[in-house]
């Protein structure tokens, strides 16, 4: 099955669980290790729109850097700039399928896509 992509951090247990669930379902997604190959601004904007949570829905607010950069209440442009400069601020895992794009946190969210 093709057309699936996961924006993945192999050090994240939730991301590993989602990738395993996809593979158990017979799906071999394109794996984008976003810390090594971050998405560009246009892709972040597209993902934000497709997940339906806006740019703030892509941001990992639990990351210490979020607080250090005082991003609470920041504009979408400021959040995008921060994620581009510091990909660790991108929440994960994000799964793109031919039918939908979801922030799969918690990991069980991926079941809705299968």
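Residue numbers (our numbering): 17 to 130. Note that CB positions come from ideal geometry on N, CA and C, so glycine has one too. None of these values were measured; they are calculated from a predicted model.
- Rounded to the nearest whole angstrom, the CA to CA distance from residue 105 to residue 51 is 10 angstroms.
- The C-beta distance from residue 45 to residue 30 rounds to 15 angstroms, too long to fall under 8 angstroms, and the pair is not in contact.
- Put simply, of 47, 69, 81, 37 the residue whose alpha carbon is nearest the alpha carbon of residue 103 is 81.
- In this model, residue 64 and residue 56 are separated by some 12 angstroms (Cα to Cα).
- Given a length threshold of 4 residues, each whole run of the alpha helix (DSSP H) inside the stretch 77-111 is given here in chain order: 80-84, 92-101.
- In this chain, the beta strand (DSSP E) harbouring residue 46 covers 46-49.
- DSSP places residue 67 in the helix class (H, G or I) of the three-state scheme.
- Using a 10 angstroms sphere on the CB of residue 98, the tally of other CB atoms reaches 16 or more, which defines it as buried.
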